[in-house]
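Novice: I'd like to ask some things about the structure below.
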Amino acid sequence: MSQTLASRVSCPVFNSQDAGYAPEVAGFNVTIVHTPEYVVAAQSASDVAEAVRFAHENKLRVTVQGAGHGSYVPVTSGVFISTRRMNQVSIDVASRTATVGAGARWDVVVEEAAKHGLSPIAGSSTNVGVVGYVLGGGIGPLVRSHGISSDYVSGFTVITGEGERVEASAEHNPDLFWALRGGKGGFGIVTEVRLRLVDLAMLYGGALFFAEEHIDAGLRAWVKWTEGADARVSTSAAVMRFPPFDFIPPPLRGRTLLTVRFAFPGSSEEGARLAAPLRAAAPVYMDMLGDLPASQIARIHSDPTDPMPTWTAGVMLTHVDQDFASALLRHVGAGVQSPFLMVEVRHLGAAASRDVAGGSAVGGRGANFVVGVVGAIPPLFQTAMPAAEEAMRADLKSWLSPEMTINFMGKPRSAEHYESCWSADTRTKLAEVRRKFDPHGLFANTK
């Protein structure tokens, strides 16, 4: 049947014997290996539509992958649509809008927008694909000052479960537009997204690093600082265990450090004043905080860009206090043997808590912090990492929020865990939208 499928599209179609098969299905997490029956390397919305129709006619499930950061379970059957070739980005300066193809990454959008003094409200890693990220909402470096990234979407072009091309916006299919901003998957395949840009050329941002012996003091100071934090400042505190690899900069290589990430879309004078209590928390090992072009916003988190083995999990918190700091430090503090590469606590609230006009399906707006856990040593993924994360989560029980947000979940532990990303009413509405636009159930709607 692969020849039949190939005759219907104007793009490459691979099966497992083809040389291009493995590179096309590869994602960021190298421990997840996909082995679907058919791989469609889509180059246009028409290719996507034909692939979906083929899948429907042959009763096959459909999976889509863009930049490849969202894989948690191997795909072993069906039609796998790769959109990485659909990576076009254009900027309309007059309307301050970016039109972004399904496979484009944030770095291209950031670069193109910066040429005009504009900026998207992007994720912390600009290596991540735009579409998959905004479908889950999106908590980026400017989350408190500017809100959730999907709040800046003005429209989507979507291929439905019947292979039809439709528009989703406030004016066209508003129910689908609502669902795609935070509802993640199962509604169709987004082939293009339109994003509102903001006037932002510079910010005061970067990170402060504290040596291992000062993790306790630095974390406690950050927790106290968040109590009265300016709503325009977005921060996070992360305990990082940098591996002793050659590609790690020598000042970080093999060290355990606390890094406090900081983003303020304002002047350097005011930014330095706002950051002063954090700088004074303890001796600063490395000070990478200062004036930063918006085009270099990825330097705040400096997330890895090359594919690697990853294990992730997350929880949301109602609040933090010094007792929370004590509980967390029992798992990631100085001298603690931990399997985690990173445990990060991001401060939310402010603009992130306010929904857009007309509403969206974004989950977790009521939480004030989110914790992300990352591992990178595959032998620990099956037992050690889950056990350590479960123990830490149990210790943080007093601060856990009942809400979750899908992009920070990692692999769901259960159906109930997955459903915690949305309220009961939101889940009901999402199911109705899925039935409407994917009546045959072609698309996966879980991770």
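In the numbering used here, the protein residues as written are -7 to 439. Just so you know, even glycine gets a beta-carbon here, dropped at the ideal spot from N, CA and C. In this text the structure is predicted, and so the values were computed from the model without any measurement.
Give the secondary structure of Val54 by DSSP, where H, G and I count as helix, E and B as strand, and everything else as coil.
Specialist: Residue state, collapsed to three classes: strand.
Novice: Buried or exposed: which applies to Lys107, given that a residue is buried once 16 or more other Cβ atoms fall within 10 Å of its Cβ?
Specialist: Answer is exposed; the Cβ neighbour count stays below 16.
Novice: Does the separation of the CB atoms of Asp39 and Val1 fall below 7 Å?
Specialist: Closer than 7 Å, so yes.
Novice: Quick check on the burial criterion: 16 or more other C-beta atoms within 10 angstroms. Buried or exposed for Ser82?
Specialist: By the neighbour-count rule (16 or more Cβ atoms within 10 Å), Ser82 is not buried but exposed.
Novice: Who are the Cβ neighbours of Arg338 in its own chain at under 6 Å, not counting the five residues just before and after it?
Specialist: Closer than 6 Å at Cβ, skipping near neighbours: Ser228, Val362.
Novice: Per the contact definition of three or more C-beta pairs closer than 8 Å, is the stretch 364 to 381 in contact with the stretch 279 to 289?
Specialist: The stretch 279 to 289 vs the stretch 364 to 381: no contact.
Novice: Measuring only the C-alpha atoms, how far is Arg233 from Leu(-3)?
Specialist: Taking the straight line joining both Cα atoms gives about 47 Å.
Novice: Give the C-beta separation of Thr310 and Ser393 to the nearest angstrom, bearing in mind that I take them to be a contact with Cβ-Cβ under 8 Å.
Specialist: Right, the Cβ-Cβ distance comes to about 5 Å (below 8 Å), so this counts as a contact.
Novice: Is it right to say His323 is buried, meaning 16 or more other beta carbons lie within 10 angstroms of its own, or is it exposed?
Specialist: Its Cβ being crowded by 16 or more others within 10 Å, His323 is buried.
Novice: On a Cα-Cα basis, can you pick out the residue from Val54, Ser69, Thr23, Met78 that is closest to Gln35?
Specialist: Nearest option by C-alpha distance: Met78.
Novice: For Glu159, write down the residues that DSSP places opposite it in a beta bridge.
Specialist: Note: Glu159 sits in a beta bridge opposite Thr149.
Novice: In three-state DSSP terms, what is Asn399?
Specialist: In this structure, Asn399 counts as helix in the three-state DSSP scheme.
Novice: Helix, strand or coil: how does DSSP classify His206 here?
Specialist: Reduced to three states, the DSSP call for His206 is helix.
Novice: Is Gly327 near Phe400, with beta carbons less than 7 Å apart?
Specialist: Result no, Cβ atoms of Gly327 and Phe400 do not sit closer than 7 Å.
Novice: To the nearest angstrom, how far is the alpha carbon of Leu250 from that of Leu270?
Specialist: Those two C-alpha atoms are separated by around 12 Å.
Novice: Would you identify the three-state DSSP class for Phe20, choosing helix, strand or coil?
Specialist: Coil, per DSSP.
Novice: Could you check the C-alpha separation between Ala230 and Met334 for me, to the nearest Å?
Specialist: Their backbone Cα atoms lie some 7 Å apart in a straight line.
Novice: Ser8: which of Ala416, Leu187, Val32, Thr23 sits nearest, CA to CA?
Specialist: For Ser8, the nearest C-alpha among the options comes from Val32.
Novice: Does Ile369 have its Cβ less than 7 Å from a Cβ in chain D?
Specialist: Reference to chain D is not applicable here, since this structure consists of a single protein chain.
Novice: Can you give me the start and stop residues for the alpha helix (DSSP H) that Ser(-1) sits inside?
Specialist: Premise fails: Ser(-1) is in no alpha helix (DSSP H) and is neither H nor E.
Novice: What first and last residue would you give for the beta strand (DSSP E) that runs through Ala90?
Specialist: 89 to 93 is the extent of the beta strand (DSSP E) around Ala90.
Novice: Pick out whichever of Ser111, Tyr144, Gly109 has its Cα sitting closest to the Cα of Val126.
Specialist: Val126 has its Cα closest to that of Tyr144, out of Ser111, Tyr144, Gly109.
Novice: Look up Leu270 in the DSSP assignment and say whether it is helix, strand or coil.
Specialist: Helix at Leu270.
Novice: Kindly indicate which three-state DSSP category Val101 falls into: helix, strand or coil?
Specialist: Three-state DSSP puts Val101 in a helix.
Novice: I need the DSSP call for Ile289, collapsed to helix, strand or coil.
Specialist: Residue state, collapsed to three classes: helix.
Novice: Specify, as a first and last residue, the run of the alpha helix (DSSP H) that Asp39 falls within.
Specialist: Note, Asp39: alpha helix (DSSP H), 37 to 49.
Novice: For Lys389, count neighbouring Cβ atoms within 10 angstroms of its own Cβ and tell me buried if that reaches 16, exposed if not.
Specialist: Its Cβ having fewer than 16 others within 10 Å, Lys389 is exposed.
Novice: With Gly198 and Phe256 assumed to form a contact (beta carbons below 8 Å), what rounded beta-carbon distance in angstroms separates them?
Specialist: With a Cβ gap of about 10 Å, Gly198 and Phe256 do not count as contacting.
Novice: Inspect the beta-carbon positions of Val65 and Trp98 and report whether they are closer than 7 Å.
Specialist: Contact flag unset, no.
Novice: Any idea which residues DSSP pairs Ser226 with across the strands?
Specialist: BP columns for Ser226 point to Ala255.
Novice: Touch check for the stretch 45 to 56 and the stretch 159 to 167: three-plus C-beta pairs under 8 Å?
Specialist: No: fewer than three Cβ pairs fall under 8 Å.
Novice: Please classify Ser142: does DSSP put it in a helix, a strand, or coil?
Specialist: Correct three-state label for Ser142: helix.
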